[in-house]
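Participant:
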Amino acid sequence: MADPLDEFIAAAAAALQLPLEPNWQAAVKANLAVTLLHANFVADFALPDEAEPAPIYKA
Amino acid sequence: MGEDLTADLTWATSAEIAHAVGAGERSAIGVVDAALLRIAKLDPTLNAFTAVTAERARAKARSVDGARDKSTLPLAGVPFAVKNLFDVAGLATVAGSKINRARPKAERDSPLIERLEAAGAVLVGALNMGEYAYDFTGENVHDGPSRNPHDVTRMTGGSSGGSGGAVGGGLVPLALGSDANGSIRVPSSLCGIFGLKPTYGRLSRARSFPFVASLDHLGPFARSTLDLALSYDVMQGADADDAGCAQRGHEFATPELTRGLDGLRIAVAGGYFKKGAFPEALAALERVAKAAGARDEVEIPEAARARAAAYVITTTEGAALHLDRLRKQARDFDPAVRDRLLAGAMVPATLVDKAQIFRRWYRERLLDLFKTCDAILAPATPCTAPKIGQQTFTLDGVELPVRPNMGIYTQPISFIGLPVAAVPVPLSPLPIAVQIIAAPWREDVALRIAHALEQMGAVAAPKPNL
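Protein chains in written order, with our numbering: chain A, 1 to 59; chain B, 60 to 525.
Right under this line is the structure:
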């Protein structure tokens with residue numbers, strides 16, 4: 001069975017018009033895996049619905 | 060009688076040079092020529108410079124020598140250089156890349172260069188850096204690695220690697236760099252010099268090549284706290300050309316330097332900031348904490364998550380900045396940078412927004428912490444300078460890549476823009492720095508503590524044998 005992250009990277013590269021040469025795949029995957037690990041670690045931290053993001057637009 | 064250009068200015072501070080030039084004891088042209096000679100002699104080894112602006116420097120030095128008010132210029136005749144992401148009129152702003160070499164030459168200097176030169180300083184060149192500042196090593200595939208003046212087989216740290224090497228090697232007494240995640244503090248640590256990352260929004264970033272708009276800061280490197288303060292003070296001021304620059308007036312740090320430690324509550328960061336550190340990082344921290352009388356330990360809440368969030372914002376904002384170049388010129392990037400940015404371009408926006416929400420929560424917790432203390436001490440890097448080309452090291456029993464992990468202690472701090480003075484502890488055989496972290500807009504507190512530690516001899520920039 002194909003690794004879902006490989007499939008995600010292939011689909012994202014195509015959808016975003018990003019070049020992805022075969023010998024770049026492993027490093028991109030390793031980087032994305034680490035980034036998603038970090039991102040999910042942050043996302044798992046429960047905060048109230050009202051919590052505002054750091055950048056606040058001012059007209 | 061002419062000046063003796065061989066007289067050793069190698070280790071003179073900016074303050075000493077400015078005093079000598081202002082008093083007419085030395086000429087600015089003599090100082091600048093000596094710096095240019097030193098650069099010509101040592102830069103083939105250190106690889107700190109990517110451009111030397113000798114003609115411009117000599118013209119500027121002569122104008123300083125002819126200035127009637129030179130005795131009042133705080134940086135009269137002080138040679139300085141800038142990371143090559145600052146606009147320098149007449150040079151393409153390469154930002155460590157191959158791609159940017161095709162950019163038109165900058166028509167005007169960065170405002171920070173203009174402000175330093177208005178104070179009498181003399182720009183002598185542009186400095187090597189990790190490609191597009193996405194780096195903690197100081198290595199560059201296009202220009203070659205910056206080399207550490209204390210051991211030229213070792214890294215300077217990055218991404219402001221040339222800035223670290225040029226100041227640590229005595230090529231110039233003052234340099235500018237940038238810091239989104241640690242790119243001033245990491246080279247300060249590995250090269251054994253002082254660095255100031257001011258509060259986010261304090262110094263104008265106009266006419267500098269960006270990396271992560273949410274996190275980008277600019278700041279100085281020097282071999283003394285006084286030099287950091289003198290340069291920082293003349294670079295302050297609002298600037299409408301940088302949307303992130305705060306509308307604040309000057310808040311001078313130099314007059315505060317000699318106030319000592321009295322009345323300051325200084326704590327040491329525990330938990331996350333002691334986990335993974337090599338013994339030398341902990342030894343440096345202990346030495347500084349003892350000298351500062353810092354006995355209380357504080358826990359910076361969720362520092363690991365803060366570092367993770369900074370990592371996510373960096374890779375995604377960086378990818379957004381470079382999206383078009385990734386699509387059209389991917390092969391022209393440093394492969395290590397390209398592969399990180401390609402991955403960054405694929406991260407869902409939902410996760411980025413979560414990181415920005417967490418950022419505000421974390422900021423509020425740290426502001427609470429500063430109600431109980433004035434400054435927090437933490438390691439700047441987990442270890443002293445690794446060998447150039449070293450790919451991994453072991454932190455807390457886990458083998459990790461060097462490139463993204465030299466900043467584990469700097470990232471949770473710049474994440475919310477706190478001001479930090481990195482102060483070098485001259486351990487043998489290699490130096491390593493400690494971060495003095497203050498509340499927003501209190502650079503004066505961080506620099507005052509740094510100066511007191513320097514006066515005690517607890518911190519100092521060691522002179523390398525070059």
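No residue lacks a Cβ here, since even glycine has one placed at the ideal position from N, Cα and C. Everything numeric in this text was worked out from a predicted model, so none of it was measured.
Alpha helix (DSSP H) containing B/ASP471: first to last residue?
Facilitator: Taking the second sequence and counting its residues from 1, one reaches residue 471 of chain B at position 412. One detail in the question is off: residue 471 of chain B reads as Pro in this sequence, not Asp. That run of the alpha helix (DSSP H) goes 470-473.
Participant: For a contact defined as C-beta to C-beta under 8 Å, what are the partners of B/SER273 on chain A?
Facilitator: Sequence index remark: in the second sequence, residue 273 of chain B carries index 214 (1-based). ALA54 and PRO55, listed in chain order.
Participant: Could one say the Cβ of B/MET405 lies closer than 7 Å to chain A's Cβ atoms, at least one of them?
Facilitator: The residue you call residue 405 of chain B lines up with position 346 of the second sequence. Output row for B/MET405: interface = yes.
Participant: Since B/PRO279 contacts B/LEU235 with CB under 8 Å, what's their CB separation in whole angstroms?
Facilitator: Start at 1 with the first residue of the second sequence, and residue 279 of chain B comes out as number 220. Start at 1 with the first residue of the second sequence, and residue 235 of chain B comes out as number 176. Rounded, the Cβ-Cβ distance is 6 Å, consistent with contact.
Participant: Under 7 Å between C-beta atoms, does B/ALA79 make it to chain A?
Facilitator: Indexing the second sequence from 1 puts residue 79 of chain B at position 20. No - not a single Cβ of chain A is within 7 Å of the one on B/ALA79.
Participant: Between the stretch 272-291 of chain B and the stretch 65-80 of chain B, are three or more C-beta pairs nearer than 8 Å?
Facilitator: A contact exists between the stretch 272-291 of chain B and the stretch 65-80 of chain B.
Participant: Quick one: is B/HIS309 buried, meaning 16 or more other Cβ sit within 10 Å of its Cβ, or exposed?
Facilitator: Position 250 of the second sequence holds residue 309 of chain B. B/HIS309 is exposed by the Cβ-count criterion.
Participant: When the Cα atoms are used, what is the spatial distance from B/PRO360 to B/ALA353?
Facilitator: Against the second sequence, residue 360 of chain B aligns to sequence position 301. Against the second sequence, residue 353 of chain B aligns to sequence position 294. If you take the alpha carbons of B/PRO360 and B/ALA353, they lie about 19 Å apart.
Participant: What is the rounded straight-line gap between the Cα of B/ALA369 and the Cα of B/ILE508?
Facilitator: By 1-based counting over the second sequence, the position of residue 369 of chain B is 310. By 1-based counting over the second sequence, the position of residue 508 of chain B is 449. Straight-line Cα distance between these residues: approximately 27 Å.
Participant: Quick one: is B/THR65 near chain A, going by C-beta distance under 7 Å?
Facilitator: Locating residue 65 of chain B in the second sequence gives position 6, where the first residue counts as 1. Note that B/THR65 scores 47 on pLDDT, short of 50, meaning its location in the model is unreliable; the coordinates nonetheless yield the value given after this. Not an interface residue.
Participant: Grouping DSSP H, G and I as helix and E and B as strand, with all else coil, what is A/VAL7?
Facilitator: If you number the first sequence from 1, residue 7 of chain A lands on position 7. It should be pointed out that residue 7 of chain A corresponds to Glu in this sequence rather than to Val. Looking at A/GLU7 - three-state DSSP - the assignment turns out to be helix.
Participant: For B/PHE268, which of helix, strand or coil comes out of DSSP?
Facilitator: If you number the second sequence from 1, residue 268 of chain B lands on position 209. If DSSP states are grouped into helix, strand and coil, B/PHE268 belongs with coil.
Participant: Thinking C-beta only, is B/ASP391 closer than 7 Å to B/ILE172?
Facilitator: For the purposes of this step, residue 172 of chain B is identified with residue 113 of the second sequence, where counting begins at 1. For the purposes of this step, residue 391 of chain B is identified with residue 332 of the second sequence, where counting begins at 1. Taking 7 Å as the Cβ cut-off, B/ILE172 and B/ASP391 do not qualify as a contacting pair.
Participant: The stretch 4-20 of chain A: which residues have C-beta closer than 8 Å to a C-beta of chain B, in chain order?
Facilitator: Listed in sequence order: PHE8, ILE9, ALA12, ALA13, LEU16, GLN17, LEU18, PRO19 and LEU20.
Participant: So, is the C-beta of A/ALA2 closer than 7 Å to a C-beta in chain B?
Facilitator: The sequence position of residue 2 of chain A within the first sequence is 2, counting from 1. Not one chain B Cβ lies under 7 Å of A/ALA2.
Participant: Touch check for the stretch 48-56 of chain A and the stretch 252-267 of chain B: three-plus C-beta pairs under 8 Å?
Facilitator: As far as the Cβ criterion goes, the stretch 48-56 of chain A does not touch the stretch 252-267 of chain B, which means the pair count is below three.
Participant: Measuring only the C-alpha atoms, how far is A/ALA15 from B/MET515?
Facilitator: Locating residue 15 of chain A in the first sequence gives position 15, counting from the first residue. Locating residue 515 of chain B in the second sequence gives position 456, counting from the first residue. Looking at the two C-alpha atoms, the distance is approximately 60 Å.
Participant: I'd like to confirm the pairing. Which residues does DSSP put opposite B/ASN207 in its beta bridges?
Facilitator: Taking the first residue of the second sequence as 1, we reach residue 207 of chain B at position 148. In the DSSP output, where bridge partners are listed per residue, B/ASN207 has B/ASP210.
Participant: In whole angstroms, give me the CA-to-CA distance for B/ASP321 and B/ASP433.
Facilitator: For the purposes of this step, residue 321 of chain B is taken as the residue at position 262 of the second sequence. For the purposes of this step, residue 433 of chain B is taken as the residue at position 374 of the second sequence. Spanning the two alpha carbons is a distance of roughly 12 Å.
Participant: Tell me which same chain residues have a C-beta within less than 7 Å of the C-beta of B/MET60, skipping the five on either side of it?
Facilitator: Position 1 of the second sequence holds residue 60 of chain B. Per-residue confidence for B/MET60 stands at a pLDDT of 41, beneath the threshold of 50, marking its modelled position as unreliable; no derived number is given.
Participant: For a contact meaning CB atoms closer than 8 Å, what does B/GLU361 contact in chain A?
Facilitator: The sequence position of residue 361 of chain B within the second sequence is 302, counting from 1. Going along chain A in sequence order, the residues near B/GLU361 (Cβ under 8 Å) are PHE45.
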